Amino acid sequence: MNTRKQIVRLREKEISDGNKSLFLDIYWNGKRSKEYLKLYINNPKTAIDRDINKKTLALAENIRAKRQTELQNNGWGFANDFKQDTNFIEYFESLINKRKDSPGNWGNWDSTLKHLQNYCSPQTTFRDIDTSFVEGFKYHLQHKAKTKSDTPLSINSQSSYFNKFRSALKQAFDDRIQPDNPAKGIKGIKPDDTHREYLTIDELKSLVKTDCKYPVMKNAFLFSCLTGLRWSDIQKLKWSEVQKQGDGWRVTFRQQKTRGQEYLDISDQARNYFGLQGNPDERVFVGLKYSGWHNIELQRWIMRAGITKNITFHCGRHTFAVLQLELNTDIYTVSKLLGHKELKTTQVYAKIIDAKKKEAMNKIPDINT
45 MNTRKQIVRL REKEISDGNK SLFLDIYWNG KRSKEYLKLY INNPKTAIDR DINKKTLALA
105 ENIRAKRQTE LQNNGWGFAN DFKQDTNFIE YFESLINKRK DSPGNWGNWD STLKHLQNYC
165 SPQTTFRDID TSFVEGFKYH LQHKAKTKSD TPLSINSQSS YFNKFRSALK QAFDDRIQPD
225 NPAKGIKGIK PDDTHREYLT IDELKSLVKT DCKYPVMKNA FLFSCLTGLR WSDIQKLKWS
285 EVQKQGDGWR VTFRQQKTRG QEYLDISDQA RNYFGLQGNP DERVFVGLKY SGWHNIELQR
345 WIMRAGITKN ITFHCGRHTF AVLQLELNTD IYTVSKLLGH KELKTTQVYA KIIDAKKKEA
405 MNKIPDINT
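Residue numbering for the sequence shown follows this note's numbering, starting at 45 and increasing by one per position.
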């Protein structure tokens with residue numbers, strides 16, 4: 045087979061109103077067939093019209109390439125390798141079930157599912173998912189989707205849900221469910237910079253002196269502040285992942301979020317929050333749970349310490365990052381300690397430090413009065 049030959053061609057047919065209907069001219073196994081795409085090129089009168097035509101042609105070309113790939117796969121005996129009749133919603137649910145050990149991440153995926161269920165039919169298969177479908181869901185999140193309180197989604201929620209959707213399509217491509225990834229090349233929704241709440245050294249000292257209803261939660265949170273570990277990684281941490289390294293301690297674990305293997309040297313101060321060592325297969329923080337009630341108790345503990353900030357467990361990670369930068373640890377090292385894949389992810393915390401410096405400079409009273 046000559047793989048360079050274009051067996052599916054994109055053609056135009058003029059229709060009665062002067063516009064052009066796009067169709068695929070398919071020549072395969074000695075037979076010719078046509079597939080009308082229900083896409084149209086209009087007679088352009090403005091720059092907007094020309095831009096619309098350009099996008100329509102790009103979409104049609106994407107469909108043409110997809111059809112050619114499908115035919116070639118059939119010709120090479122790969123027809124059964126792809127499972128495009130797989131139900132999309134059921135596949136997405138299977139991806140959610142794999143994330144049950146990470147409640148925060150699971151919740152985001154579950155919310156994405158609810159918006160997908162509002163957007164498409166329960167019978168949607170991967171054959172139905174093309175570039176137009178992907179762009180349509182992006183538009184749905186930006187202009188139609190609502191929260192439980194019937195308000196539009198925030199930019200960051202739009203960004204998060206669309207990223208989960210794109211991640212699912214990439215996984216489906218990797219799982220050979222579909223021959224290409226229709227989300228490839230489609231830009232994500234850029235999130236807003238969010239305020240990252242954190243605690244100061246003095247506030248941490250106050251927390252240490254304040255009782256918490258759940259001591260294991262107190263120890264785990266303070267451990268997060270001293271190491272930067274996420275709740276998901278702390279919750280599943282086992283004694284087999286804690287090793288004595290010379291005069292110090294090392295935690296060896298695989299990040300729940302990124303699946304990256306990490307080797308983190310921790311201080312004796314952080315190690316003290318483990319308590320008595322257990323068996324290798326036992327969890328370090330036995331009894332640590334995630335629930336709405338536990339989150340409320342975390343906030344009550346914060347308030348009893350005289351802190352009025354809205355603190356979640358994840359703020360322990362933010363606290364660690366800010367404290368390290370305040371203590372002049374270089375940003376590259378902080379990025380490695382946090383397990384970030386890209387330095388730009390860590391640079392958000394550098395902005396916090398810059399803002400604090402500016403605030404400090406403005407504290408000097410007017411000397412001219």
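Every residue gets a Cβ at the ideal spot worked out from N, C-alpha and C, and that includes glycine. The structure displayed is predicted, hence computed values, not measured ones.
Problem set entry | Among LYS288, ILE70, GLU326, the one whose alpha carbon lies nearest that of GLN116 | ILE70
Problem set entry | N- and C-terminal bounds of the alpha helix (DSSP H) containing VAL366 | 359-370
Exercise. Assuming ASP325 contacts SER284 under a Cβ cut-off of 8 Å, what Cβ separation, rounded to an integer in Å, is found between them?
Worked result: 6 Å
For this session: Compare the Cα-Cα distances from ASP291 to each of HIS358, ARG298, GLY232, ASP309 and report the closest residue.
Result: ASP309
Problem set entry | Beta-carbon proximity list for PRO196, same chain, < 7 Å, skipping 5 on both sides | LYS190
Exercise. Just curious, the beta strand (DSSP E) that GLU56 is in, first and last residue?
Worked result: 52-58
For this session: Check the C-beta distance from ILE340 over to GLU247 and give it rounded, since I have them as a contact under 8 Å.
Result: 19 Å between Cβ atoms; not a contact.
Exercise. Between the beta-carbon of PRO166 and the beta-carbon of ILE140, is there less than 9 Å?
Worked result: no
Exercise. With which residues is PHE289 paired in a DSSP beta bridge?
Worked result: Note that residue 289 corresponds to Gln in the displayed sequence, not to Phe. GLY292, per the DSSP bridge assignment.
Problem set entry | Nearest neighbour of ARG171, chosen from ASP218, PHE364, ASP129 [CA to CA] | ASP129
For this session: Going by CA-CA distance only, name the one from ARG55, ASN86, LYS75, ASN73 that's closest to ASN63.
Result: ASN86
For this session: Inspect the beta-carbon positions of GLY157 and PHE181 and report whether they are closer than 9 Å.
Result: According to the sequence shown, residue 157 is Leu rather than Gly. The answer is no: Cβ separation not under 9 Å.
Problem set entry | CB contact flag (LEU68, LYS78, <9 Å) | yes
For this session: Write down every uninterrupted run of the beta strand (DSSP E) in the segment 149-232 whose length is 3 residues or greater and which is fully enclosed by it, in chain order.
Result: none
Exercise. Can you pull the DSSP bridge partners for TYR307?
Worked result: THR296
Exercise. In three-state terms, what does DSSP make of ASN316?
Worked result: helix
Exercise. Once you ignore the five residues that flank GLY121 on each side, which residues in its own chain have a CB closer than 6 Å to its CB?
Worked result: Below a pLDDT of 50, predicted positions are generally treated as unreliable, and GLY121, at 45, falls in that range; no measurement from the model is reported.
Problem set entry | First and last residue of the uninterrupted beta strand (DSSP E) at GLU79 | 75-85
For this session: Please work out which residues of its chain come closer than 7 Å, Cβ to Cβ, to GLN202, disregarding the five sequence neighbours upstream and downstream, and give them in chain order.
Result: LEU185, GLN186, ILE233
Problem set entry | Candidates PRO409, LYS407, HIS362, of which the one nearest LYS395 by Cα | HIS362
Problem set entry | Neighbourhood of SER60 by C-beta distance below 7 Å, restricted to the same chain and skipping five residues each side | none
For this session: Return the chain-ordered list of same chain residues with a C-beta closer than 6 Å to the C-beta of ALA216, the five sequence neighbours on each side being excluded.
Result: GLN222
Exercise. Could you give the distance in angstroms between the alpha-carbon of LYS57 and the alpha-carbon of LYS82?
Worked result: 11 Å
Exercise. Nearest-angstrom Cα distance between ARG298 and ASN106?
Worked result: 38 Å
Problem set entry | Alpha carbon of VAL252 to alpha carbon of ILE411, nearest angstrom | 40 Å
Exercise. With burial defined as no fewer than 16 other Cβ atoms inside 10 Å of the residue's Cβ, what is the status of LEU369: buried or exposed?
Worked result: buried
For this session: Just the C-alpha distance for LEU270 and SER250, rounded to the nearest angstrom, thanks.
Result: 15 Å
For this session: Output the distance between the C-alpha atoms of SER213 and ALA314, rounded to the nearest integer angstrom.
Result: The amino acid at residue 213 is misidentified as Ser; the sequence shows Leu. Answer to the nearest angstrom: the Cα atoms are 40 Å apart.
Exercise. Between ASN131, ARG143, VAL52, which lies nearest to LYS110 when the distance is taken from Cα to Cα?
Worked result: VAL52
Exercise. Which of the three DSSP states, helix, strand or coil, is assigned to LEU381?
Worked result: helix
For this session: Assuming ILE375 contacts THR390 (C-beta within less than 8 Å), just tell me the rounded distance between them.
Result: 6 Å
For this session: Tell me, to the nearest whole angstrom, how far the beta carbon of LEU103 is from that of THR175; I am working on the premise that it is less than 8 Å.
Result: 6 Å
Exercise. For ASN131, which three-state DSSP category applies?
Worked result: strand
Problem set entry | Through-space distance from LYS192 to ASN124, alpha-carbon basis | Confidence is the limiting factor: at ASN124 the pLDDT is only 45, short of 50, which leaves the residue's position unreliable and the question unanswerable from this model.
Exercise. In angstroms, rounded to a whole number, what distance separates the CA positions of MET405 and ASP398?
Worked result: 11 Å
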